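Everything below concerns the one structure shown next.
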Amino acid sequence: MVNFANFREIGRKIVCVGRNYKDHAIELGNAIPKKPMIFLKATSSYVADGKPIVIPPGCENLHQEVELGVVISKEAKNIQKDQWQDYVAGYVVALDMTARDFQNEAKKEGAPWFLAKSFDTSCPVSNFIEKSAIADPHNVELYCVINGAEKQRSKTDVMIFDIPTLLEYITKYTTLAPGDLLLTGTPAGVCRVLPGDVIEFGITGIIKSNVTVQ
Ligand SMILES: O=C(O)/C=C/C(=O)CC(=O)C(=O)O
Ligand SMILES: [Mg+2]
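Here UniProt numbering is used: the first residue of the sequence shown is 1, the next is one more, and so on.
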């Protein structure tokens, strides 16, 4: 039986959705996706409690992306949209840290985003949020504040693909396991972070978390 409160220690995979908020797709000059865009972060991306984000060697444009995370409760393959709630153990708020300069270089070359998205410490996450604490994950507000200045704030109801659609789509191709984390994409307001920055990220009225950039 999985202890979901310690889901980070279980060390399961992190499946991420990109370009799932129209305003963020537009701010980076991307087209609005017609189907979910999926990538993976390695289990080594998690930031241990109280530890900093470490800027990867050579990165000169590290961005924060606040995202709602869904923690998977049980093995999920070929799930139907109307069953999605059965596969949710709970939620987190997370940062999909992105080495934007590495990503832009990879995009130019048609190369994978792995180092841009999956370097060590690229995934700070909050404590586990019990499923019962969020009645509707499509009706919460994400926010991110850096050194006291607000950078991101958005309701999740503007996601292009909602959680049932994402889970149905992803599990057609790959099996999700208990403790896996689904990151559902970021709204507009991503920006460069620098050593010494303190990033506060949260879900209004539900949870907040802090991490420092080293
Ligand atoms: O397409 C790009 O240039 C960048 C996309 C992302 O980094 C996608 C995300 O991770 C996101 O939208 O949350
Ligand atoms: Mg992201």
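Cβ atoms here follow ideal geometry from the backbone N, Cα and C, with glycine treated the same way. Note that the structure is a prediction, hence the values are computed from the model and not measured.
Can you check DSSP and say which residues form a bridge with residue i?
i	result
residue 63	98, 192
residue 105	DSSP, once it has assigned bridges, lists no residue as partnering residue 105.
residue 141	155
residue 167	Paired residues: none, contrary to the question.
residue 146	149, 199
Quick one: using the 10 Å Cβ neighbour count with 16 as the cut-off for buried, is residue i buried or exposed?
i	result
residue 182	buried
residue 41	buried
residue 21	buried
residue 158	exposed
residue 67	buried
residue 180	buried
Just verifying my parser: in three-state terms, what is the DSSP assignment at residue i?
i	result
residue 161	coil
residue 83	helix
residue 10	helix
residue 5	helix
residue 40	strand
residue 181	strand
residue 31	coil
residue 172	helix
residue 209	strand
residue 53	strand
residue 48	coil
Determine the contact status of residue i and residue j, defining contact as a CB-CB distance below 8 Å.
i	j	result
residue 88	residue 155	no
residue 91	residue 53	no
residue 167	residue 124	no
residue 147	residue 198	yes
residue 47	residue 184	no
residue 193	residue 142	no
residue 74	residue 164	no
residue 171	residue 77	yes
residue 144	residue 189	yes
residue 122	residue 209	no
List in chain order: all unbroken beta strand (DSSP E) runs of 3+ residues lying wholly within the segment 109-134. none
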